[in-house]
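For the sequence shown, the UniProt record's numbering gives the first residue as 1, with consecutive numbering after it. Notes for the one structure printed next.
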Amino acid sequence: MTAMIETIVTVFVVIGVFFAVVSAIGILRLKDVYSRAHASGKSATLGVIFIMLAVFIHFLTQGEMNAKILLAILFLFLTAPVASLMVTRSAYRNGVKLDKNTITDDLKEMYDTDQNQSN
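Listed below in structure tokens is the structure:
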């Protein structure tokens, strides 16, 4: 039983590290702030959640139920995507340009309308 739980914990840690590495590669290779925020917002969040789940399972098998880890996972799951969205919206409102290879600008109409209404 212990070997199976250790295997599960190891798999979760490996998955978490994989997502963290994908996030780091995305931040380094992608060209604009919007793509980088997408890479870090999705991959890093999943990476940290998997690693924290591995920690929770490990300590649970040691006889320690730590609800703080579960609350941290929930908090991270709820707030990290919202924070990424706020960073990208702030960048867009401050005029950070999209990459030249970007095909569509879905926010252009919405923010052009907002600026026209505020004048």
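We put the beta carbon where it would ideally sit given N, CA and C, even for glycine. All values reported here derive from a predicted model rather than from experimental measurement.
Burial state of serine 40, where buried means 16 or more other Cβ atoms lie within 10 Å: buried
Alpha-carbon to alpha-carbon, arginine 29 and isoleucine 57: 34 Å
Anticipated Cβ contact below 8 Å, glycine 47 with valine 17, distance rounded: 7 Å
Spatially closest choice to valine 33 from Ala91, Met110, Lys108, Thr104, by CA coordinates: Ala91
Integer Cβ distance of phenylalanine 12 from phenylalanine 50, believed to fall under 8 Å: 5 Å
CA-to-CA distance, aspartate 106 to threonine 67, given in whole angstroms: The question names threonine, but residue 67 is alanine in the sequence shown. C-alpha separation (whole angstroms): 40 Å.
Nearest residue (CA-CA) to alanine 80, options Ser43, Ala24, Ile27: Ser43
DSSP-derived helix/strand/coil call for residue 121: Not covered by the structure: residue 121. The range shown for the chain is 1 to 119.
Same chain, Cβ closer than 6 Å to glycine 26, neighbours up to 5 away in sequence not counted: Ala39
Inside the region 60 to 111 only - alpha helix (DSSP H) runs reaching at least 4 residues: 67 to 93
Arginine 36 classed as buried or exposed, judged by whether at least 16 other C-beta atoms fall within 10 angstroms: buried
Cβ-heavy atom distance, valine 55 to the ligand MG, below 7 Å: In the structure on display, the ligand MG does not appear, and there are no ligands present to speak of.
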